[in-house]
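Novice:
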Amino acid sequence: MLEGVQRRDPKALGRFFDATFSYVYSIAMRLTGDRQHAEDVTQDVFMKVYRAAHHLQVDRSLKPWLTTITYNTCRDRARRAAVRPENTVDALKIAEWSAQPGTPEDALLEREREQLIERALRALDEQSRAVVVLHDFCGWSHDNIASVMDTSHAAVRKRYSRALKQMAQFMRGLSA
Amino acid sequence: MSDRPRESPEAESIARQVRALPGATPDPDFRERLRARFVSGEWESEQPLRPVSATVRARWWHWAAPLAAMIAAVAVGFMLNRGPALEILDVAGSGDVLVNGQRIALNDMQTLRFEMRPGAVVEVPAGGRVDLRVPGVALYELMGGTRMTLPDVPGRWFERAVACSLGSGELRLKTGDRFTGSELRVDTPDGLVIVTGTLLSVQCDAQGTCVCVLEGAARVGVDTSDLETVTPGNRKIMLRDGTVEIVPVKPMHRDGVLDFDKRLGDQMDSP
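Below, the structure written as structure tokens:
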């Protein structure tokens, strides 16, 4: 498939898109906390991927590369626009949730917990949110995060610890 | 060394919940529109290259010759800027050194000299010791059990700030006269040390990092925003539980660094 993407073969591009879109969009959504910005970032990422298609390394894992492009695109957008995510639950998610009559109680509780976590994530500053998303959602090590954020391992660890504490405080406040 | 920080149970629970978050659900229309654009490449508009005019083609040498001269001058400058090479002064003890994952016997000096270069990831066996030197610039003693990346050599005029990382063990270092004006940054899992001219040791273990300064001074902190100057006779401790303090150097630490200085101090410069 990747060789087809290098050649910009439409079928290969379609398969590539189907395999990676959810991942890129999810990271963008977690990092920006805003649907519109996540869509803009996702579009930018795929445009960059398309333009760099001939440079794709077919023997290397794509995920780290895609994660880095997505993170950098989010960061650049945030710097240009001083984006501050709204601390509200995603409207589409509420609509989906509401549209399912008779949902079992367990599923409702599960969604409530997810929404609390998402709100707590959105309440963090941009850098702290990025560290938590890259470490826990994308599974990156502190060393990799330090490398892409151009800072030290120790700084990433400190920021990560502080971010988790802030999220815990935020969620205690919401639950009270 | 585990990458996972020792967080509180509450924080660990938060981290688990973040990991368990499902992928975000996009707007289906947005997804389909983007897919169509990506597959068709409709955002890629290639402008035809403008033909180079005959006049411009004939005059290319007007700018090519000075450009080539500039490039040559810069290349020579970079070559002359290179400082002396990192060299192995001595080794002691037994066992194998791991250099970039490759096992090399501690007494195989020829291979060690070839492999131990700036940027190499080195692990000294528990019973061993490796002494390194950049003539006139710095002396390094890597104690047994040390895992680190070897530092670059500072340039003579530019690229004078270099860095290395210490994952575990103890690194003792002394800077020489030719280090003046340079800066060495040592990153550890708990913080960083900025060395501008000193005799010190950096120790890193499961509890945290300790920087003992005997001469000169070093700036030490958890990150670049909270660097503190540590003066001779003092050490800064940065523990994994968040404790950070500056206290006097203990005799056992001082004696170890003084032994290093006594043993190698007069070998700073090439014979």
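In the order they appear, the protein sequences are chains H and G. For the first sequence, our numbering gives the first residue as 1, with consecutive numbering after it. For the second sequence, our numbering gives the first residue as 177, with consecutive numbering after it. Backbone N, C-alpha and C define an ideal beta-carbon position, used for all residues, glycine too. Predicted, not measured: the structure shown is a model, and the values here were computed from it.
Tell me whether the beta-carbon of M414(G) lies closer than 7 Å to the beta-carbon of D366(G).
Specialist: yes
Novice: Starting from D266(G), follow the beta strand (DSSP E) in both directions and report where the run begins and ends.
Specialist: Segment 263-269, the beta strand (DSSP E) holding D266(G).
Novice: With 7 Å set as the bound, which would you pick, yes or no: does the beta-carbon of H37(H) sit closer than that to a beta-carbon of chain G?
Specialist: Put simply, the CB of H37(H) is far from chain G, with every gap to its CB atoms at 7 Å or more.
Novice: Only counting the same chain, and skipping five residues up and downstream in sequence, which positions put a Cβ closer than 6 Å to that of V371(G)?
Specialist: Excluding sequence neighbours, V371(G) sits near L360, A394.
Novice: Spatial neighbours of H54(H) within its chain, please: CB distance less than 7 Å, with the 5 preceding and 5 following residues excluded, ordered by chain position.
Specialist: Correct list, in chain order: Q6.
Novice: State yes or no: is the C-beta of V133(H) within less than 7 Å of the C-beta of A163(H)?
Specialist: no
Novice: Return helix, strand or coil for S283(G), following the three-state DSSP convention.
Specialist: Note on identity: in this sequence residue 283(G) is Asn, with Ser being the wrong assignment. Three-state result, N283(G): coil.
Novice: Spatial neighbours of D44(H) within its chain, please: C-beta separation below 6 Å, excluding the five flanking residues on both sides.
Specialist: T73
Novice: Check whether the segment 143-152 of chain H and the segment 193-212 of chain G touch, using three or more Cβ-Cβ pairs below 8 Å as the test.
Specialist: Per the Cβ contact rule, the segment 143-152 of chain H is not in contact with the segment 193-212 of chain G (fewer than 3 Cβ pairs under 8 Å).
Novice: Kindly say whether E86(H), judged by its beta-carbon, lies nearer than 7 Å to any beta-carbon of chain G.
Specialist: Note that E86(H) has pLDDT 45, beneath the 50 cutoff, so the model's placement of it is unreliable and the number below is only indicative. Output row for E86(H): interface = no.
Novice: Given 8 Å as the limit, is there contact between the segment 319-339 of chain G and the segment 278-287 of chain G, that is, 3 or more CB pairs closer than that?
Specialist: no
Novice: By a C-beta neighbour count over all protein chains shown, 10 Å radius and 16 as the cutoff for buried, is D136(H) buried or exposed?
Specialist: buried
Novice: What first and last residue would you give for the beta strand (DSSP E) that runs through D363(G)?
Specialist: 359-364
Novice: Mark D125(H) as exposed unless 16 or more other C-beta atoms lie within 10 angstroms of its C-beta, in which case mark it buried.
Specialist: exposed
Novice: Could you give the uninterrupted runs of the alpha helix (DSSP H) lying entirely in the segment 309-396 of chain G, keeping only those of 4 residues or more?
Specialist: none
Novice: According to DSSP, is N410(G) helix, strand or coil?
Specialist: Reduced to three states, the DSSP call for N410(G) is strand.
Novice: Kindly indicate if chain H contains any beta-carbon less than 7 Å away from that of F290(G).
Specialist: no
Novice: Going by the DSSP bridge assignment, what does L415(G) pair with across the sheet?
Specialist: L415(G) has G384(G) as its beta-bridge partners, per DSSP.
Novice: Give the secondary structure of V5(H) by DSSP, where H, G and I count as helix, E and B as strand, and everything else as coil.
Specialist: The DSSP-derived three-state label of V5(H) is helix.
Novice: Let me check understanding here. Comparing Cα to Cα, which of A123(H), A107(H), M171(H), R15(H) lies closest to A212(G)?
Specialist: R15(H)
Novice: Residues of the segment 364-385 of chain G with a CB closer than 9 Å to any CB of chain H: list them in chain order, please.
Specialist: T364, P365, D366, G367, L368, T385
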